[in-house]
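Okay, so here's the structure we're looking at.
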Amino acid sequence: MNYIYSAFSNSFYPLSIKELYVSAGTWPKDGIEVSDEIFNKFGQPPTGKVRIAGPDGLPAWADIPPLTAAQLAEIKAINIAQAKADKTKLISDASDKIETLKDRIEAGQDKAAELKLWKAYRIELDDMDVSTAPDIKRPVAPE
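Using full-length UniProt numbering, the letters of the sequence shown correspond one by one to residues 1 to 143.
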């Protein structure tokens, strides 16, 4: 056996470096020696599962609990904030392109059609609804 499992911390500790944990004052008092098979089985959780301390003090799998309403609201707020930042950046990039196209037109280049496409794209970006983030229909930039 190469590991102990602590139900209190829900963690495995390698016996090979026990002295380091002891000297740091972090060696668990509730540790139970476990086989390498247990260590390997409970190292990485299967999809939808989380490791917990079972009633016998050994690791076990449990279903990941659903997110709370507060957690879902926080995730939604983060998604919307990111979408707003992305929208601002895309509008800024489109505005830079539009200014460059205006300069080219002033210099005599035939870029009026391309300028019109980029202006339409910038308007589509401005109209983009970010309240549905992360499920946003983003307009495609002209080529």
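Glycine included, C-beta positions come from ideal geometry on N, C-alpha and C.
Given the structure is predicted, the values throughout are model-derived calculations rather than measurements.
Notebook entry, point to check: What residues are listed by DSSP as bridge partners for PHE12?
Noted result: Residue 12 sits at position 12 when you count from the first residue of the sequence shown. BP columns for PHE12 point to TYR5.
Next item on the list: Check each candidate in SER11, GLU114, LEU90 and name the one with the smallest Cα separation from LEU125.
Entry: Residue numbering aside, residue 125 sits at position 125 when the sequence shown is read from its first letter. Among SER11, GLU114, LEU90, the Cα nearest to that of LEU125 belongs to LEU90.
Margin query: I'd like the list of long-range same chain contacts for VAL50, defined as Cβ closer than 7 Å, with 5 residues on each side in sequence excluded.
Written below: On the sequence shown, residue 50 is found 50 positions in, with the first residue counted as 1. Taken in chain order, the residues that qualify are ALA62, ILE64.
Notebook entry, point to check: What residue does the alpha helix (DSSP H) around GLU124 start on, and which one ends it?
Noted result: For the purposes of this step, residue 124 is taken as the residue at position 124 of the sequence shown. GLU124 -> alpha helix (DSSP H) spans 112-127.
Notebook entry, point to check: Just the Cα atoms here: how many angstroms apart are PRO142 and PRO66?
Noted result: The residue you call residue 142 lines up with position 142 of the sequence shown. The residue you call residue 66 lines up with position 66 of the sequence shown. Whole-angstrom Cα-Cα distance: 41 Å.
Check: Hey, does ALA77 have any beta-carbon neighbour from chain D nearer than 8 Å?
Finding: As a matter of chain content, chain D is missing from the structure shown, which is built from one protein chain.
Item checked: Minimum length 4: unbroken alpha helix (DSSP H) runs contained in the segment 61-111 -> Qualifying alpha helix (DSSP H) stretches, in chain order: 69-106.
Notebook entry, point to check: Would DSSP call LYS29 helix, strand or coil?
Noted result: Here the question's residue 29 lines up with position 29 in the sequence shown. In the structure shown, LYS29 sits in coil (DSSP, three-state: anything other than H, G, I, E or B).
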